[in-house]
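> Residue numbers for the sequence shown follow full-length UniProt numbering, beginning at 1 and rising by one.
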Amino acid sequence: MTKLAFQYAKANNVKYPAKWDENESAGRQCYRTFRLTYRNRISLKKPRGRMACLSKPNVKMFFKELAETYSRQPLQPQNVWNLDETGCSTVHKPVRVIGDIKAKHIGAATSGERGINVSMIAWVSAAGMFVPPTIIFPRVHYKEHTRNIGMASSTGWSNAELFVKYLEHFIYIVKPSPGYEVLLVMDNHVSHLSLEATNLAKENGIIILTFPPHTSHKLQPLDRTVFDPFKSYCNKACKD
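(1) Excluding the 5 residues flanking V164 on each side, which residues of the same chain have their C-beta closer than 6 Å to its C-beta?
(2) What are the boundary residues of the alpha helix (DSSP H) that includes D21?
(3) Thinking P133 and M151 are a contact (beta carbons under 8 Å), I'd like their distance in whole angstroms, please.
(4) Do you know how far the Cα of F170 is from the Cα of S177?
(5) Cutting at 6 Å between CB atoms, please list the residues of its own chain near Y31, excluding the five before and the five after it.
(6) May I ask you to report which of helix, strand or coil DSSP gives D228?
(7) When the Cβ atoms of the stretch 184-196 are set against those of the stretch 204-223, are three or more pairs found closer than 8 Å?
(8) Who are the near neighbours of S25 in its chain, counting only those whose CB is closer than 7 Å to its CB and skipping five residues on each side?
(9) According to DSSP, is T215 part of a helix, a strand, or is it coil?
(10) Taking DSSP as the reference, what is the three-state secondary structure of I208?
(11) Is it right to say H192 is buried, meaning 16 or more other beta carbons lie within 10 angstroms of its own, or is it exposed?
(12) By the DSSP assignment, the beta strand (DSSP E) with S71 in it spans what residues?
(13) At the level of alpha carbons, what is the spacing between R35 and I135?
(14) Could you tell me which residues DSSP puts in a beta bridge with P138?
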């Protein structure tokens, strides 16, 4: 919230303390004032686990918002997209093999290295179309190669800055506009929350709808149907 407050103040030329620039975030006093001002509408709650978040009211609310989105803007399957991120290790995980029940050890070629994480950002539409995935490498810089869409982050995972970049990649491929709107359904990870990304989506006719927290494993189409087979084939390719 404090990061969004800083981004909003900076974008609208609102005067703010110089220290906000150092942290790229609003200060604690701003946070406390905001909570006090809206104390009748918001409260600080402890995050809940997967099972608690995957409740009937939460899921029902999501589909209600989805239905309302469709009622305001009728969309064809090719205009409804799911975005999700998954991570892969550079060292494959050995699969189980059948062997003699008396044998204590079964030989298999494995790597002694500790793998590093490489992330993939995938996009798929309700019509089965896809956007070339974005690969995020654990690097400070990434040297682009022909027809490869790669990015770099210190962790190998996405962040708010990279989200804007691969949102631009999506816009370049799909070409949405205020006259040709698309619905983008994704999780509400903190890396997706920035004023720049919100404005970019609005300017290009992208309607964003987020899943309830901690429900991706049950509601995200990519998480449910694509990522497990992808990782299995990736693991097999590393093994072979």
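By construction, the Cβ of each residue, glycine as well, lies at the ideal position given by its N, Cα and C atoms.
So, from the listed chains and residues:
(1) E196 and A197
(2) K19 to N23
(3) With a Cβ gap of about 11 Å, P133 and M151 do not count as contacting.
(4) Their Cα atoms are separated by approximately 12 Å.
(5) T2
(6) helix
(7) yes
(8) Hits under 7 Å: T2, K3 and F6.
(9) coil
(10) strand
(11) By the Cβ-count criterion, H192 is buried, with 16 or more other Cβ atoms from all chains shown falling within 10 Å of its own Cβ.
(12) Note, S71: premise wrong, no beta strand (DSSP E); alpha helix (DSSP H) at K56 to R72.
(13) Cα to Cα, R35 sits roughly 38 Å from I135.
(14) S153
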